[in-house]
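In our numbering, the protein residues as written are -17 to 278.
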């Protein structure tokens, strides 16, 4: 009977001892996991900080090397973007590995997800290929003024997916490289010279030879307008016999950098000269004849 009376107490002591041992083992395990996780996190943090610093150094070295080799500015921006992305991906994989995650399984996961992501980002892959085409065939370079996709602007940068344009009203436009490599691109800066053209009307009965000589004299005094070779001298000819005017076409050749200044200033110079010389610039008029006769 005494044994039976002491049995519950003994059982309670055993249970308490087992529970205490289990809690101690659990706490030891948690402490061990915490130390291990803390070590992995610390190593991953160090790798991230060092890797970020090294990426900046490598990017600067790549930029300096490309500058020393006088590589085209567009190719430089493309390669710098590509190197930065590749190094960042390598850093991410290194940080994941330092955290104790199995990179083999992670790589397999990336590979399996890559197909779906690749299909979703097929447009970006096309833009990447378009960027390579642009750099290979060079339809434009950084600094060129181009017109594409309804936008006119100066090329500021050629990235791996986009070409960045700055418009004349100082807007930044990102155009996908894929569309630029497969559509029409007008390069206004490729040639050293460009032709400026105006169309202006004069009255019927006006001495066209006199008007032509005055226009040629006007533009012969402008140092920005090319006077040679002969086929690029200022040209004035009759463009059309319109309803109320004889339309003259005026063509001159200038250096590409002077195009817009000559276009606007030359237009005003023509108007001022016509007013000064008394050459009438007609405008559409409607003449109404009123029949004053009376009906019978």
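Built from N, CA and C at the ideal position, the CB exists for glycine as well.
Of all alpha-carbon atoms in 136, 171, 169 and 166, the one lying nearest the alpha-carbon of residue 156 is that of 136. The Cβ-Cβ distance between residue 201 and residue 211 does not fall below 7 Å. In this structure, residue 206 sits near residue 240, with a CB-CB distance shorter than 7 Å. Taking 8 Å as the upper bound for CB-CB distance, residue 169 and residue 140 are not in contact here, some 14 Å apart. Counting only the Cα atoms, residue 123 lies some 9 Å from residue 138. Counting C-beta atoms within 10 angstroms of its own C-beta, residue 175 has fewer than 16 neighbours from the protein chains shown and is therefore classed as exposed. Under the DSSP definition of a beta bridge, residue 139 partners with 146. Distance from residue 29 to residue 77 at the Cβ level is roughly 6 Å; contact confirmed, criterion being Cβ atoms closer than 8 Å. Distances from the alpha-carbon of residue 234 to those of 198, 257 and 166 put 198 closest.
Inclusion of residue 223 and residue 214 in the CB contact set at 7 Å is not warranted, their separation being larger than that value. Within the same chain, Cβ atoms closer than 7 Å to the Cβ of residue 69 are found at 37 and 40, the five residues on either side in sequence being excluded. Under the three-state reduction of DSSP, residue 80 is assigned to helix. For residue 156, the pairing in a beta bridge is given by DSSP as 146.
Rounded to the nearest whole angstrom, the CA to CA distance from residue 62 to residue 261 is 59 Å. The Cβ neighbour count for residue 160, taken over all protein chains shown within 10 Å, is at least 16; the residue is labelled buried. By the Cβ-count criterion, residue 145 is buried, with 16 or more other Cβ atoms from all chains shown falling within 10 Å of its own Cβ. Judged by beta-carbon spacing, residue 187 lies beyond the 7 Å limit of residue 227, meaning their Cβ atoms are not closer than that value. At the C-beta level, residue 60 and residue 113 come within 7 Å of one another. Look at residue 125 here: in three-state DSSP terms it is coil, with no helix or strand label.
A Cβ-Cβ contact shorter than 7 Å links residue 218 with residue 230.
Here the alpha carbons of residue 256 and residue 189 stand approximately 13 Å from one another. When secondary structure is reduced to three states using DSSP, residue 70 falls in the helix class. Partner residues in the beta bridge of residue 180, as assigned by DSSP, are 232. Between residue 79 and residue 115, the gap from beta carbon to beta carbon reaches 7 Å or more.
Following the DSSP letters along the chain, one finds residue 221 inside the beta strand (DSSP E) bounded by residues 217 to 223. Scanning its chain for C-beta atoms nearer than 6 Å, with the 5 sequence neighbours on each side dropped, one finds around residue 179 the residues 233, in chain order. Bridge pairing for residue 251: absent [DSSP]. C-alpha of residue 21 to C-alpha of residue 67: approximately 28 Å in a straight line. Between residue 134 and residue 148, the beta carbon gap of about 11 Å keeps them out of contact (Cβ cut-off 8 Å). Closest option to residue 110, judged by alpha-carbon separation, among 143, 82 and 119: 143.
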